[in-house]
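The structure appears right after this line, and notes come after that.
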Amino acid sequence: MSKAILVLNAGSSSIKCTIFDDVDTTLTVRYQGQIEGIGTQPHFKMTDQAGAVLLETTWANPPSGKGHAYALEQLAAWLDPHLPEAGLLGIGHRVVHGGARYSAPVLIDEVVLQDLHGFIPLAPLHQPANLAGIEATMAFLPGVPNVGCFDTAFHRTHSIEADRFALPYAFYDEGVRRYGFHGLSYEYIARTLPKLDPDLAQGRVVVAHLGNGASMCALKAGRSVDSTMGFTALDGLPMGTRCGQIDPGVLLYLMQARAMDASAIQDLLYKKSGFLGMSGVSSDMRNLEASADPRAAEAIDYFVYRIIRETGALASVLGGLDGIIFTAGIGENVYRIRERVCRGLAWLGLEFDPVANAHHGPRISTAASTVSAWVVPTNEERMIALHTIAALTDC
Numbered sequence: 004m005s006k007a008i009l010v011l012n013a014g015s016s017s018i019k020c021t022i023f024d025d026v027d028t029t030l031t032v033r034y035q036g037q038i039e040g041i042g043t044q045p046h047f048k049m050t051d052q053a054g055a056v057l058l059e060t061t062w063a064n065p066p067s068g069k070g071h072a073y074a075l076e077q078l079a080a081w082l083d084p085h086l087p088e089a090g091l092l093g094i095g096h097r098v099v100h101g102g103a104r105y106s107a108p109v110l111i112d113e114v115v116l117q118d119l120h121g122f123i124p125l126a127p128l129h130q131p132a133n134l135a136g137i138e139a140t141m142a143f144l145p146g147v148p149n150v151g152c153f154d155t156a157f158h159r160t161h162s163i164e165a166d167r168f169a170l171p172y173a174f175y176d177e178g179v180r181r182y183g184f185h186g187l188s189y190e191y192i193a194r195t196l197p198k199l200d201p202d203l204a205q206g207r208v209v210v211a212h213l214g215n216g217a218s219m220c221a222l223k224a225g226r227s228v229d230s231t232m233g234f235t236a237l238d239g240l241p242m243g244t245r246c247g248q249i250d251p252g253v254l255l256y257l258m259q260a261r262a263m264d265a266s267a268i269q270d271l272l273y274k275k276s277g278f279l280g281m282s283g284v285s286s287d288m289r290n291l292e293a294s295a296d297p298r299a300a301e302a303i304d305y306f307v308y309r310i311i312r313e314t315g316a317l318a319s320v321l322g323g324l325d326g327i328i329f330t331a332g333i334g335e336n337v338y339r340i341r342e343r344v345c346r347g348l349a350w351l352g353l354e355f356d357p358v359a360n361a362h363h364g365p366r367i368s369t370a371a372s373t374v375s376a377w378v379v380p381t382n383e384e385r386m387i388a389l390h391t392i393a394a395l396t397d398c
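Quick note on our numbering: the sequence shown kicks off at 4 and runs consecutively.
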């Protein structure tokens, strides 16, 4: 029996996992699972490749600070009898921030782990949870190599003009620069495009990763040229609870006129803004669409407006546009958002196909359209698994 790859995406209150069989470098899903509600009442569910439920259970939350470690212990206990012959070849982890130092996946040791802890201030919502997942697997699955796969790495092909802020150069040297995020998703799309449209894959493409976290990326011949996210995952588009682009003068105002400290501003920008803050209804696009509250409609309108605006900006950086790709939860599933964006981009030569869009594509522009539009499901877990195998092969 082949070896297996475990992929973990540890969030602030959940852990997603996928177990792949590595059969002659062809990855097939063996199990998928998720532990939700870490910190409250964890719910653990595992399914097989056909979607059949193998386990579903809820347990009392362990003491504070033990949540991720305990959840990973439960996952390891379940895996042990289910992988008796194959065992684990390695564990791949999504790590949101790799800083300027890590531009490719890396085997994680104590030195690397210490480096990654240093990036927590750059991604305070995600990095601690990512590292908790790594530390838990190192403790409960000793001897199995861990590979960190970075959301920032794909964007290290940016020019210095795309990376810099107009600050004294010393700040750039110490790491204050535009990193970009969702790189694993964009890399997967870049690798998938040649199968859908080889000519487009070599062209000028904007990818819209639209989910609870949202960003956009300009690709030229499959390489990242620019991204809407910057120093942190707050920048660019509005998101479920994150503000997106904001005038830094607003932050000065909050500090000076409202006497808000860094902790209060961080809480506001990461957890109380975005769809939730604008609407006062929900951070979930499905709830906004179902709501009769006019503020919910305003939040959706603002989201669409910013997508159209950022598409124009990225198209200008690319020197034109050959295609736009919608991906992630909202991009793949909310056809009304896609329609409004595509109609707003008609000036670029995009001719929209409403019938194809209602069926979620894959192509949602007409054959005559000079700018094509597509719906392409992302698969960050598969990208992480591929990176993990490559890193283990190279070591």
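C-beta atoms are modelled at their ideal positions from N, C-alpha and C, and glycine is treated no differently. Small disclaimer: the values here were computed from a predicted structure and weren't measured.
{"Asked": "Along the alpha helix (DSSP H) that carries CYS345, what are the first and last residues, could you check?", "Found": "338-347"}
{"Asked": "Starting from ARG226, trace the alpha helix (DSSP H) both ways and give me its first and last residue.", "Found": "Careful: ARG226 lies outside any alpha helix (DSSP H), inside the beta strand (DSSP E) at 226-230."}
{"Asked": "Using DSSP bridges, identify the partner residues of PHE143.", "Found": "Its beta-bridge partners do not exist; DSSP assigns none."}
{"Asked": "What does the alpha-carbon distance come out to for the pair GLY136 and PHE355?", "Found": "43 Å"}
{"Asked": "Mapping DSSP to helix, strand and coil, what is MET4?", "Found": "With a pLDDT of 44 at MET4, under the threshold of 50, the modelled position of this residue cannot be trusted, and the question is left open."}
{"Asked": "Thinking just about the alpha-carbon of each residue, which of GLU39, TRP81, ALA79 and GLY54 is nearest to the one in ALA63?", "Found": "GLU39"}
{"Asked": "Could you round the C-beta distance between ALA217 and VAL209 to whole angstroms and report it? I think they count as a contact, below 8 Å.", "Found": "The Cβ separation is near 13 Å, so there is no contact."}
{"Asked": "THR330: which of GLY93, LEU110, ARG341 and PHE306 sits nearest, CA to CA?", "Found": "ARG341"}
{"Asked": "Short of 7 Å in beta carbon distance, which residues of its chain neighbour LEU203, apart from the five on each side in sequence? Order them along the chain.", "Found": "LEU196, ASP325, GLY326 and SER375"}
{"Asked": "Checking 8 Å against the spacing of the C-beta atoms, do ALA299 and HIS129 come in under that value?", "Found": "no"}
{"Asked": "Could you check which residue in GLU301, ASP264 and GLY243 has the C-alpha nearest to that of LYS274?", "Found": "GLY243"}
{"Asked": "Please classify SER162: is it buried, with 16 or more other beta-carbons within 10 angstroms of its beta-carbon, or exposed?", "Found": "exposed"}
{"Asked": "How about the stretch 304-321 and the stretch 342-353: do they share at least three Cβ pairs that are nearer than 8 Å?", "Found": "yes"}
{"Asked": "Over the uninterrupted beta strand (DSSP E) stretch that includes ASN149, give me the two end residues.", "Found": "149-153"}
{"Asked": "Quick one: what does DSSP say ASP447 is sitting in, helix, strand or coil?", "Found": "Residue 447 falls outside the range modelled here, since the chain spans only 4 to 398, and no answer is possible."}
{"Asked": "Hey, VAL147 and LEU91 are a contact pair by Cβ (cut 8 Å); roughly how many whole angstroms apart?", "Found": "5 Å"}
{"Asked": "Please state the DSSP three-state secondary structure of ASN382.", "Found": "coil"}
{"Asked": "According to the Cβ coordinates, are ILE18 and ILE392 closer than 8 Å?", "Found": "no"}
{"Asked": "Output the boundary residues of the alpha helix (DSSP H) element that contains PHE72.", "Found": "Strictly speaking, residue 72 in this sequence is Ala, with Phe absent from that position. That run of the alpha helix (DSSP H) goes 70-85."}
{"Asked": "Below 8 Å on the Cβ atoms is my guess for SER227 versus PHE153; work out the distance and round it to an integer in Å.", "Found": "No, SER227 and PHE153 are not in contact; Cβ-Cβ is about 13 Å, not under 8 Å."}
{"Asked": "From this set, LEU144, PRO45, ASP200 and ARG159, which residue's C-alpha is nearest GLY233's C-alpha?", "Found": "ARG159"}
{"Asked": "Would you tell me roughly how many angstroms separate the C-alpha atoms of LEU351 and LEU317, rounded to the nearest one?", "Found": "12 Å"}
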